[in-house]
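2 protein chains.
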Amino acid sequence: MTKLPPQFITLPDASDHQGVVTLAHVARRAGVGESTVSRVLRNHGSVSRQTREKILKAAAELHYVPNRIAGTLASSTSKLVGIVIPSVGNTVVPEVLAGANAVLEDAGFQPVIGVSNYDPVREEALIESILSWRPSGLMVAGLEHTDRARDMMKGCGVRVLELLDVDGEGIDIVVGSSHREAGRASAEFLLARGYRRIGYVGHDMRSDVRAGKRLEGFRQVMEEHNLAIADHEFSPDRGSSVQGGRIGMARLLERRRNLDAVYFSNDDLAIGGYFHCLENGISIPDDLALFGYNGLEIARLTPQPLSTIRTPRVAMGRIGAQMLLSGGPAQVIDVGFELIPGATS
Amino acid sequence: MTKLPPQFITLPDASDHQGVVTLAHVARRAGVGESTVSRVLRNHGSVSRQTREKILKAAAELHYVPNRIAGTLASSTSKLVGIVIPSVGNTVVPEVLAGANAVLEDAGFQPVIGVSNYDPVREEALIESILSWRPSGLMVAGLEHTDRARDMMKGCGVRVLELLDVDGEGIDIVVGSSHREAGRASAEFLLARGYRRIGYVGHDMRSDVRAGKRLEGFRQVMEEHNLAIADHEFSPDRGSSVQGGRIGMARLLERRRNLDAVYFSNDDLAIGGYFHCLENGISIPDDLALFGYNGLEIARLTPQPLSTIRTPRVAMGRIGAQMLLSGGPAQVIDVGFELIPGATS
DNA sequence: CTGAAAAATGGTAGCGCTGCCATTTTTTCC
DNA sequence: GGAAAAAATGGCAGCGCTACCATTTTTCAG
């Protein structure tokens with residue numbers, strides 16, 4: 003074998019690996035050690051001004067993009083936060099998400115998202131999948147999960163935030179409001195205004211546990227007054243939809259002409275019901291009163307603002323995210339709700 | 003130093019590291035090599051039935067959750083997809099997201115999301131941040147980006163999908179529809195129906211480039227007919243809102259009482275305008291015609307369905323994600339749009 | 001000017017997994 | 001029964017970075 007002069011010996015040097023620029027390339031280019039580059043890039047540890055500038059220049063010239071996968075593995079502290087939401091279409095979720103995201107972003111965290119479609123089994127799978135990215139925190143909706151999902155969340159050593167609901171037992175941090183109380187408040191409000199023959203239009207209760215809790219609270223109060231819900235109609239739609247409310251309303255009224263109020267599982271359905279009334283000359287609230295849940299923007303801007311209950315959704319996300327990142331103790335925060343009388347009851 | 007008998011020599015063995023269960027623990031417990039465990043867990047490579055079962059049993063018993071950070075680093079192929087969206091609140095985005103997410107999830111990908119709030123600078127930062135997670139693909143909204151953002155997306159070696167718009171030059175894969183054409187179609191529709199004194203209610207054009215393109219197309223057609231937009235009103239709201247439309251509409255009508263049609267930059271605003279009319283006894287479409295954009299569910303369920311343009315948003319997300327993952331060539335797909343005549347014009 | 005403290009810097013062993021290759025075991029076919 | 005092919009398995013070097021420690025350089029009081 004021919005012996006090459008020293009300068010031709012090919013060392014396994016950083017510039018070999020074509021394609022991606024690594025921290026080693028930057029170090030080489032700046033003529034410094036890797037640790038120093040790492041310190042500069044993370045802005046952590048002391049580095050002289052000139053060295054810092056040399057490194058930043060080299061990094062910029064090479065279009066260096068740090069590899070956080072490697073960084074995360076090395077430091078075993080990730081800047082990822084897992085988020086499992088039941089749906090994206092729903093108006094509620096994006097608002098909570100927006101609140102949470104603002105906080106996460108400020109703190110340099112990146113959300114990894116999964117959508118469960120209100121399916122606990124899917125949720126379980128998503129939680130497992132997301133945990134495998136070793137996030138610093140995990141946000142999920144609601145308190146109801148499969149046993150295994152709960153076990154994973156308890157045992158994974160990651161802070162967990164359960165959002166939107168406080169009626170039940172949480173795992174770690176819980177930020178939400180009481181849906182049962184909201185249902186009760188709705189019933190009390192309607193009863194106080196003299197309504198007695200109240201119908202209910204809802205959507206699939208199995209998938210939306212929280213709507214179920216509201217209904218439960220509503221029923222309780224009715225019973226306490228020796229009354230019952232006159233009739234109910236369930237929209238088959240998954241998630242909530244205006245169309246579902248419209249159809250549900252039509253069906254309900256077909257069967258029961260003497261109702262004086264209708265309670266909807268949420269504002270989307272209520273708006274559908276409202277449109278049905280508008281179209282069919284049913285006078286609101288004289289012929290019929292309507293009551294929803296969520297306090298959606300649009301429901302407050304209809305010619306007659308909808309009577310509904312509003313929760314501080316953005317704040318919920320914000321507070322939850324802050325607590326998740328702050329490392330405080332496990333606790334439950336009830337952010338409460340506000341009953342908006344509106345003009346439909 | 004005392005010499006310990008061999009059995010007491012503490013090797014750096016897997017069970018040392020208390021806390022997190024690693025693949026090495028599983029291997030040890032199952033009495034096999036790490037590679038074999040890896041093969042079983044990834045379902046890749048041949049392993050005998052009994053070994054496989056032994057390993058799965060061990061993994062289950064130890065509650066092993068794989069560390070994908072490590073896996074990604076080792077294989078340098080990640081199962082992450084970056085998504086940068088302009089907003090979550092917007093109804094359009096969740097639908098596209100839902101379509102994309104369905105495909106991504108089926109393929110075992112996890113979305114890492116960033117929200118730019120329609121700010122190109124923020125978008126740039128988010129893109130950089132997300133690229134540092136070394137995703138397999140990147141989805142962004144629209145074709146307008148800062149130069150640096152574009153450079154990063156071109157140079158990062160990752161497939162890029164630009165969604166929602168096809169009016170302009172794309173980086174890699176583009177799936178969307180022409181907003182300019184949509185604007186043109188809207189104008190042609192209104193003109194064909196005999197409307198001539200047309201007003202415009204929009205929101206901040208700088209932040210929503212696509213609304214600007216629609217307006218541009220609309221104007222073009224008007225000019226081709228030697229007409230101009232009679233008057234316009236811009237809602238100051240960031241993003242679109244029903245309230246903005248309502249106020250904008252009120253202001254516009256205050257100034258111009260003789261309009262026969264109003265073109266809105268989107269359905270949210272149009273609904274606001276519609277509500278304003280409902281409330282003020284303005285008869286639609288006799289006194290005034292309305293035209294929106296998006297084909298939102300709710301806009302089709304109002305007592306008079308809104309005239310609007312609808313794009314296949316879920317399909318857009320789905321198709322885009324499929325193309326992103328399929329590894330096909332760079333291309334532009336125009337998914338088109340559908341003009342829905344409605345009852346408001 | 002000297003010694004000690006402080007600041008700046010480099011070397012390197014992992015983080016937990018995968019990809020490759022070497023080795024061992026099993027199967028297959030004359 | 002034996003050679004060759006196929007299947008099953010293990011070993012180990014990285015992936016790119018960070019944490020830790022060792023070393024060098026600078027600063028500064030006395």
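If you read the protein sequences in the order shown, they are chains Y and G. Numbered by our numbering, the letters in the first sequence go through residues 3 to 347 in order. Numbered by our numbering, the letters in the second sequence go through residues 3 to 347 in order. Glycine included, every Cβ here is placed at the ideal spot set by N, Cα and C. Since this is a predicted model, take the numbers as computed values, not measurements.
Residue environment analysis places Y/R198 among the exposed positions, since fewer than 16 neighbouring C-beta atoms fall within 10 angstroms of its C-beta. Neighbourhood of G/P68 in chain Y, by CB distance below 8 Å: S134, in chain order. Chain Y has a Cβ within less than 8 Å of the Cβ of G/F277. Residue environment: Y/A76 is assigned as exposed (fewer than 16 neighbouring CB atoms within 10 Å of its CB, all protein chains considered). Every beta strand (DSSP E) stretch that sits fully inside the stretch 72 to 125 of chain G and reaches 3 residues is listed by chain position as 82 to 87, 112 to 117. Here Y/I284 has L290 as same chain residues with Cβ atoms under 6 Å from its own Cβ, once five neighbours each way along the sequence are excluded. Residues of the stretch 90 to 103 of chain Y that bring their beta carbon within less than 9 Å of a beta carbon in chain G comprise V90, G91, N92, T93, V95, P96, E97, L99, A100, N103, in sequence order. For Y/I249, the uninterrupted alpha helix (DSSP H) run begins and ends at 244 to 257, by DSSP. As the crow flies, the alpha-carbon of Y/I335 is around 15 Å from that of Y/L327. Between the alpha carbons of G/H65 and Y/N119 lies a distance of about 26 Å. In terms of Cβ geometry, G/L166 and G/I175 do not form a close pair [threshold 8 Å]. Taking the Cα positions, G/V123 is about 38 Å away from Y/P122. Residues of chain Y whose Cβ lies closer than 7 Å to the Cβ of G/L303 are, in chain order, V244, Q245, R248, G274, F277. Beta-bridge partners assigned by DSSP to Y/M141: Y/I85, Y/L163. When Y/R221, Y/P68, Y/V67, Y/T38 are compared, the shortest CA-CA separation from Y/E55 is found for Y/T38. Contact between the stretch 185 to 204 of chain Y and the stretch 230 to 240 of chain Y is present: 3 or more CB-CB pairs across the two stretches fall below 8 Å.
With respect to chain Y, the C-beta atom of G/P122 has no partner C-beta closer than 8 Å. For a Cβ distance threshold of 8 Å, residue set L75 of chain G lies close to Y/A72, ordered along the chain. In the DSSP annotation of this structure, the continuous segment of the beta strand (DSSP E) that includes G/V176 starts and ends at 175 to 179. The alpha carbon of G/Q306 has as its nearest neighbour, out of G/G322, G/L280, G/Q324, G/P331, the alpha carbon of G/L280. Taking 8 Å as the CB threshold, G/G344 stays off the interface with chain Y. Nearest to Y/P137 by C-alpha distance, out of G/G178, G/P68, G/E146, G/D153, is G/P68. Here the alpha carbon of Y/P88 sits roughly 12 Å from the alpha carbon of Y/H147. At a cut-off of 8 Å between beta-carbon atoms, G/G178 makes no contact with chain Y. Taking CB atoms only, Y/G157 has a neighbour in chain G less than 8 Å away.
Any Cβ of chain Y closer than 8 Å to the Cβ of G/Q112 would place that residue at the interface, and such an atom is present. Taking 8 Å as the upper bound for CB-CB distance, Y/Q112 and Y/K156 are not in contact here, some 24 Å apart. Every beta strand (DSSP E) of 3 residues or more that sits fully in the stretch 265 to 293 of chain Y is shown, in chain order, as 291 to 293. Legend: CB atoms of the stretch 194 to 208 of chain G lying less than 7 Å from CB atoms of chain Y are not found in any residue. For G/L280, the nearest beta carbon of chain Y is closer than 8 Å to its own beta carbon. Within the same chain, V86, E164 come within 6 Å of Y/V142 by CB-CB distance, once the 5 residues on both sides are set aside. In terms of beta-carbon proximity, Y/G322 stays away from the interface with chain G, with every pair separated by 8 Å or more. In the three-state DSSP reduction, Y/A332 falls in the coil class, being neither helix nor strand.
Of the candidates Y/T93, Y/Q222, Y/H181, Y/H181 places its Cα closest to the Cα of Y/V211. Taking a Cβ-Cβ cut-off of 9 Å, the neighbours of Y/S80 in chain G comprise I71, given in sequence order.
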